[in-house]
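Student: The structure's right below; bear with me while I get my questions together.
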Amino acid sequence: MTTTLVSDPDPFDVRRARRAPGLLREFNDIGVLTAGDVHVALRLAALGGEQDESVLLAAALAIRAPRLGHVYVDLATISSTAAVETDEPVDLSSLPWPAVPAWADRVAASELVSVGDDESDAPSRPLRLVGTWLYLDRYWREERCAAADLLAFSDPAAADVQVDVLREGLARLFTGQTDSRQCLAAASAVLRRLTVVAGGPGTGKTTTVARIVALLAEQATAADVATPLVALAAPTGKAAARLEEAVHEEALDLDVDDPIREQLLALQASTLHRLLGWRPGSHSRFRHDRNNRLPHDVVVVDETSMVSLSLVARLIEAVRPDARLILVGDPGQLASIEAGAVLGDIVGPASGALQIGDAARSLLADAGHDVGAKEPPSGATIGDGIVVLDRVHRFGGGIARLAEAIRRGDADTVLVTLTDPPDGVIWIPVDGGNATAQDALAPIRERAIDAAQRVTDAARDGAAKEAIEALGSFRLLCAHRRGPQGVAAWTARMTSWLAGAVNNSNAYGHWYVGQPLLVTENDYELRLYNGDTGVVVQRTPDRISAAFERRGEILEFSPTRLGAVDTVYAMTIHKSQGSQFETAAVLLPAPTSRILTRELLYTAATRASQHLILAGTEETIRAAVARPIARASGLGSRLWGGGAK
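Residue numbering for the sequence shown follows this note's numbering, beginning at 16 and increasing consecutively.
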């Protein structure tokens, strides 16, 4: 099949690739492919001398995949799983999808494609076909290397562990809780080089991290060796700051010797990018890599669910083979906006039941712990170091029950819970974007006005801490940035609500007392990070300041010193990850929204610590619960057995 150019009826439509040939044109016109996908595929075709339209379509779909979070495109299933990147329903059944067996054969015969999962069996080319999985070569290599490195780390720790010291430390740091999964996670982290501490919000993940570091320091003291060098890291500056604060806060109450407490209080967290070291001129490579390893003995990564495959691959290759790697996060939350669902792939079947293999079982038994757990699949050593925490300490039972039902994908239980809501949960079964439903949203309006009034009153009195606490008492969360249910529309709506109820005067240009602020870019000089929130407060009768909280300390700056900040009355659910609000009001999108998923609903519901207001129709809620994020990734298969296809 040769390419045929078709004239463009609208040469000014930037969504259309003007020089796209037949198949690419059809898939571009309907919205499956973007102009960028088509242009890159055509460039590859020009470099490789490829003219087969079916091969070019496969290449464009492989190029499209990482942009949507997938690591590869499966040629065998793409015709039934593809979607357009709009909220309008589109019938894709009429598209001329190639027949799969012949399509895969034509792709395999292309000069653009290497075939097979063994690097030695095929030359290096832009695309890699493994069975019917078509990867961009870069992502195939990253997935393959990440899996190999993780499996290498899944062996027990090479260093000797002083079991008596560990047993005593566990009994002291987990008084009355030595049978808890937190204790099990801490013991596993000392006994193994790779540990995954997974669990939902409020299950004690970061407090467990502080105790793990203390136990490792006690091992070093008992062995009369240097205290381990520990790195605390997270994918964002805000998440790193929260990890550091949590570890320091826990350190103050731990039953440990003063030198160990001081070591914990001296720990500083950074973003993964800063830990690995930016390399000028590159967005995907870092100063620390396989040939220049990180110096740390222990690397702890929080919010791992937000980390992409590429960044995880770069991290793991930079960690010394004899170091410990501790991954922390919630596999039920939204995954990285880039390719991969790494934490979910790593936790795999362990998310449903605690799985500890023979090696860890015997070591933990030596430490005085009888572990009741299922065996991982044969040969899946990755399961030996994964502990999923399941005891929620943060929010009320009603929110916890709802969140667990969402996580399980049990739509009937979710709706039963919402129909007869427990304390702390309010369901408003309307479409929040419908103008006729605004009266039903009165509970949201009332709480928004009450919180804004408390913020403004405290800010006028110069009580920065109280103003920040009031700001955290309520947050409106939206799925989209734009549209009738998006942040922009609801920010305008809330501004109009508050204009008639809260007397905020723009006496300082576009700044005003009580103004809620959202930092949108990291500012390391001011120690402000993307996602931090603050309030404009009255400092003197003729001076205002922007106040933020960091580790219990109030930081105040002249508003003119701030770089990228927005006024925040509403924020996206994605942006809210890692945050907690006393009351979270969630506006769900229409059932047809392509970003409406189980993970989005779960993440939104678990942002509330005491009160959750959920606005969305029954159809929307059922659609969300029934639609888990399905990312094409082979990492889980490589780690848990079966390998790539």
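For every residue, glycine included, the Cβ atom is placed at its ideal position computed from N, Cα and C.
This one's a predicted model, so the numbers in the text were calculated from it and none came from an experiment.
Would you kindly work out how many angstroms separate the C-alpha atoms of L492 and L151, rounded to a whole number?
Tutor: In the sequence shown, counting from the first residue as 1, residue 492 sits at position 477. In the sequence shown, counting from the first residue as 1, residue 151 sits at position 136. Rounded to whole angstroms, L492 to L151 spans 35 Å at the Cα level.
Student: First and last residue of the alpha helix (DSSP H) that includes E634?
Tutor: As a first step, residue 634 is located in the sequence shown; it is residue number 619 there, counting from the start. Per DSSP, E634 belongs to the alpha helix (DSSP H) from 633-640.
Student: Would you list, in sequence order, the uninterrupted alpha helix (DSSP H) runs of no fewer than 4 residues that lie entirely inside the region 441-521?
Tutor: Taking only runs of at least 4 residues, the alpha helix (DSSP H) segments lying wholly in the region 441-521 are 457-475, 479-486, 502-516.
Student: Where does A647 fall in DSSP's three states?
Tutor: Along the sequence shown, one-based indexing puts residue 647 at 632. In the structure shown, A647 sits in coil (DSSP, three-state: anything other than H, G, I, E or B).
Student: Can you list, in chain order, the residues of its chain whose CB lies under 6 Å from that of S22, leaving out five sequence neighbours each side?
Tutor: Sequence index remark: in the sequence shown, residue 22 carries index 7 (1-based). In this prediction, S22 has a pLDDT of 44, which is less than 50 and means its spatial position is unreliable; what the coordinates show is noted afterwards. None.
Student: Pull up the DSSP beta-bridge partners for Y150, would you.
Tutor: For the purposes of this step, residue 150 is taken as residue 135 along the sequence shown, with counting starting at 1. Paired residues: Y87, R143.
Student: With DSSP as the reference, label E233 as helix, strand or coil.
Tutor: On the sequence shown, residue 233 is found 218 positions in, with the first residue counted as 1. Note: E233 maps to helix in three-state DSSP.
Student: Return helix, strand or coil for G46, following the three-state DSSP convention.
Tutor: Position 31 of the sequence shown holds residue 46. G46 falls in the coil class under three-state DSSP.
Student: Measure the alpha-carbon distance for V224 versus T242 and round it to whole angstroms.
Tutor: The residue you call residue 224 lines up with position 209 of the sequence shown. The residue you call residue 242 lines up with position 227 of the sequence shown. The straight-line gap from Cα to Cα measures roughly 16 Å.
Student: If you follow the beta strand (DSSP E) that A623 is in, where does it begin and where does it stop?
Tutor: Translated into the one-based positions of the sequence shown, residue 623 becomes position 608. A623 -> beta strand (DSSP E) spans 623-630.
Student: Are three or more beta carbon pairs between the region 435-444 and the region 460-469 nearer than 8 Å?
Tutor: The region 435-444 is not in contact with the region 460-469.
Student: In chain order, what residues of the same chain have a beta carbon less than 8 Å from the beta carbon of T587, not counting five sequence neighbours either side?
Tutor: As a first step, residue 587 is located in the sequence shown; it is residue number 572 there, counting from the start. So the qualifying residues of the chain are L492, C493, A494, H495, R496, V502.
Student: Have a look at P141 and S129 and give me their C-alpha separation to the nearest angstrom.
Tutor: In the sequence shown, the residue the question calls residue 141 occupies position 126. In the sequence shown, the residue the question calls residue 129 occupies position 114. Cα to Cα, the separation comes out at about 8 Å.
Student: Who are the near neighbours of V470 in its chain, counting only those whose CB is closer than 8 Å to its CB and skipping five residues on each side?
Tutor: Your numbering for residue 470 matches position 455 in the sequence shown. Counting only Cβ-Cβ distances below 8 Å, and skipping sequence neighbours, we find A482, A485, L486, G529, P531, V550.
Student: Tell me, to the nearest whole angstrom, how far the beta carbon of K220 is from that of G593; I am working on the premise that it is less than 8 Å.
Tutor: Counting from 1 along the sequence shown, the entry for residue 220 is found at position 205. Counting from 1 along the sequence shown, the entry for residue 593 is found at position 578. Not quite, the Cβ-Cβ distance comes to about 12 Å (not below 8 Å), so this is no contact.
Student: What are the residues that DSSP puts in a beta bridge with R339?
Tutor: Translated into positions along the sequence shown, residue 339 becomes position 324. According to DSSP, which records beta bridges pairwise, R339 is partnered with V313.
Student: Going by beta carbon distance, what residues of the same chain come within less than 6 Å of F42, once the five residues before and after it are set aside?
Tutor: In the sequence shown, residue 42 corresponds to position 27, counting from 1. Hits under 6 Å: L48.
Student: With a cut-off of 8 Å, do at least 3 Cβ pairs link the region 228-242 to the region 273-281?
Tutor: Because the criterion of three Cβ pairs below 8 Å is met, the region 228-242 and the region 273-281 touch.
Student: Suppose you measure from the CA of Q553 to the CA of R475; what does that come to, to the nearest Å?
Tutor: For the purposes of this step, residue 553 is taken as the residue at position 538 of the sequence shown. For the purposes of this step, residue 475 is taken as the residue at position 460 of the sequence shown. Using only the alpha carbons, I get a separation of about 5 Å.
Student: Per DSSP, what kind of secondary structure is A374 in: helix, strand or coil?
Tutor: Numbered from its first residue, the sequence shown carries residue 374 at position 359. Because A374 sits at a pLDDT of 49, beneath the cut-off of 50, its placement in the model cannot be relied upon, and the following sentence gives the value as read from the coordinates. Helix, per DSSP.
Student: Enumerate in chain order the residues of its own chain whose CB-to-CB distance from L615 is below 7 Å, with the five nearest sequence positions on each side excluded.
Tutor: By one-based count along the sequence shown, residue 615 stands at place 600. Correct list, in chain order: L349, A494, I588, A639.
Student: Among residues of its own chain, excluding the 5 on either side of P157, which ones have a beta-carbon nearer than 6 Å to its beta-carbon?
Tutor: Position 142 of the sequence shown, counted from the first residue, corresponds to residue 157. Correcting the residue identity first, residue 157 is Glu in this sequence and not Pro. Contacts found: L324, S325, A328.
Student: Kindly list the residues whose CB is nearer than 6 Å to the CB of D345, restricted to its own chain and excluding five residues on each side of it in sequence; keep chain order.
Tutor: Counting from one through the sequence shown, the residue named residue 345 turns up at place 330. Correct list, in chain order: G215, S320.
Student: In terms of alpha-carbon separation, which member of L282, R558, T582 lies closest to E571?
Tutor: On the sequence shown, position 556 is the one that residue 571 refers to. If we check each option's Cα against that of E571, R558 comes out closest.
Student: Would you check if the region 532-545 and the region 561-581 touch, i.e. whether three or more CB-CB distances between them fall below 8 Å?
Tutor: Yes, they touch.
Student: Run the CB neighbour count on L654, radius 10 Å, all protein chains shown included, and call it buried at 16 or more, exposed below.
Tutor: Here residue 654 is taken as the residue at index 639 of the sequence shown, counted from 1. Buried, because 16 or more other Cβ atoms sit within 10 Å of the Cβ of L654.
Student: In three-state DSSP terms, what is E568?
Tutor: By 1-based counting over the sequence shown, the position of residue 568 is 553. The answer is strand: DSSP assigns E568 an E or B state.
Student: Pick helix, strand or coil for S608, following the three-state DSSP scheme.
Tutor: For the purposes of this step, residue 608 is identified with residue 593 of the sequence shown, where counting begins at 1. Looking at S608 - three-state DSSP - the assignment turns out to be coil, as it is neither helix nor strand.
Student: Give every residue of the same chain whose Cβ lies closer than 7 Å to the Cβ of E634, excluding the five residues on either side of it in the sequence, and list them in chain order.
Tutor: Taking the first residue of the sequence shown as position 1, residue 634 is located at position 619. Within the same chain, E634 has close Cβ partners P606.
Student: Please say whether V316 and L342 have beta carbons closer to each other than 8 Å?
Tutor: Locating residue 342 in the sequence shown gives position 327, counting from the first residue. Locating residue 316 in the sequence shown gives position 301, counting from the first residue. Yes, Cβ-Cβ distance for L342 and V316 is below 8 Å.
Student: Could you pull the start and end residues of the alpha helix (DSSP H) that R613 belongs to?
Tutor: Within the sequence shown, the letter at position 598 stands for residue 613. Here the alpha helix (DSSP H) through R613 covers 613-620.
Student: For the alpha helix (DSSP H) holding A248, just list the boundary residues, first then last.
Tutor: Reading the sequence shown from its first residue, position 233 is the one you call residue 248. Taken as a continuous stretch (DSSP letters only), A248 belongs to no alpha helix (DSSP H), being part of the beta strand (DSSP E) at 245-249.
Student: Among V99, T147, L107, G191, which residue has its Cα nearest to the Cα of P673?
Tutor: As displayed, the chain neither begins before 16 nor continues past 660, which places residue 673 out of reach and without an answer.
Student: Am I right that S591 and R490 are in contact with their C-beta atoms under 8 Å? What's the rounded C-beta distance?
Tutor: For this step, residue 591 is matched to residue 576 along the sequence shown. For this step, residue 490 is matched to residue 475 along the sequence shown. Going by Cβ atoms, the distance from S591 to R490 rounds to 7 Å, so yes, they are a contact pair.
Student: According to DSSP, what are the bridge partners of T582?
Tutor: As a first step, residue 582 must be located in the sequence shown, where it is residue number 567. Its beta-bridge partners are L532.
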